[in-house]
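For the numbering used here, add 190 to where a residue sits in the sequence shown, where the first one is 1.
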Amino acid sequence: MRCLAFAAVASLGLAAASGGAHARVWSDPGGRVSFDAPSSWSVMDQHQPAMTYVIVGNADVECHVLAIPRPETATVSARAVYNAGGADATYTDEAWARTANGITTVFQGNSARVVSRASEKDGRFWPIQRAEIQAAARIVHGAIQLRPGLELQTYCQTYEGAEPMADYEALIRSVATPNDAALQAQVEQEQVGQPAPQ
């Protein structure tokens with residue numbers, strides 16, 4: 191996909207340098223996901239009918255942002271989905287590798303191998319599961335979030351130069367849905383009078 195990203199950057203006349211100081215919001219026309227992209231990065235909607243799949247980046251870096259419908263959780267309570275998103279034990283190395291290998295544009299030939307993983311629960315409401323994953327040629331920075339009926343995945347990789355980790359972090363932490371405020375209110379309401387999750 192690097193050639194596509196480079197062609198898009200060149201055709202738009204965008205600088206290849208990172209633009210972390212200036213970001214713009216990209217919102218999915220399908221209403222599934224939004225995120226903040228550095229202003230110097232191009233955004234290419236892959237126009238997948240069954241999900242949202244966007245590649246954002248420049249000639250040296252790219253992030254793949256996916257919003258995948260999960261009908262099996264569409265009727266599950268917001269609180270249960272919130273708790274599942276923070277359930278670290280679910281996100282084993284094997285589960286991460288299986289999920290990552292489904293993104294064949296990043297992990298060709300089932301090349302995903304987890305180097306490290308962590309759970310991010312501080313500083314924002316919705317938990318983010320994180321992993322550093324070795325692909326065939328480079329380390330990929332992965333993130334997964336859950337919402338009722340939806341799974342949000344992000345994979346960022348660097349082709350050349352220093353990794354713009356601040357840009358990756360800002361983009362990953364900005365991934366959200368238009369319904370997040372309402373879903374958060376549901377979780378908080380469901381937690382009233384309920385025992386703390388174990």
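Even glycine gets a Cβ: it sits at the ideal position worked out from N, Cα and C. This one's a predicted model, so the numbers in the text were calculated from it and none came from an experiment.
According to the Cβ coordinates, are residue i and residue j closer than 8 angstroms?
i: serine 224; j: alanine 366; result: yes
i: glutamate 252; j: isoleucine 258; result: no
i: leucine 336; j: glycine 275; result: yes
i: glycine 339; j: arginine 260; result: yes
i: glutamine 343; j: isoleucine 334; result: yes
i: tyrosine 349; j: aspartate 250; result: yes
i: arginine 303; j: alanine 287; result: yes
i: serine 364; j: aspartate 226; result: yes
i: serine 232; j: histidine 212; result: no
i: valine 271; j: threonine 263; result: yes
Is it right to say residue i is buried, meaning 16 or more other beta carbons lie within 10 angstroms of its own, or is it exposed?
i: threonine 295; result: exposed
i: glutamine 238; result: exposed
i: proline 368; result: exposed
i: valine 305; result: exposed
i: glutamine 347; result: buried
i: alanine 371; result: exposed
i: glycine 391; result: Since the displayed the chain opens at 191 and closes at 388, residue 391 lies outside it and no answer follows.
i: threonine 265; result: exposed
i: valine 382; result: exposed
Between residue i and residue j, how many whole angstroms is the CB-CB distance? I'm expecting something under 8 angstroms.
i: tyrosine 281; j: arginine 307; result: 6 angstroms
i: glutamine 298; j: alanine 326; result: 6 angstroms
i: alanine 290; j: glycine 332; result: 6 angstroms
Original post:
At a cut of 8 angstroms, does the region 215 to 223 reach the region 306 to 322 through at least three beta carbon pairs?
Top reply: The way I'd put it, the region 215 to 223 doesn't touch the region 306 to 322; fewer than three beta-carbon pairs between them come closer than 8 angstroms.
Subject >> 3 or more residues per run - each beta strand (DSSP E) lying fully within the region 242 to 267 >> reply: Correct list: 242 to 247, 251 to 259.
**OP:** Can you check the region 275 to 326 for any beta strand (DSSP E) of at least 3 residues that lies completely inside it and give the ranges in chain order?
**Re:** Given a length threshold of 3 residues, each whole run of the beta strand (DSSP E) inside the region 275 to 326 is given here in chain order: 303 to 310, 318 to 324.
Subject >> Start-end ranges of the alpha helix (DSSP H) lying completely within the region 339 to 374, minimum 4 residues >> reply: Runs found: 355 to 364.
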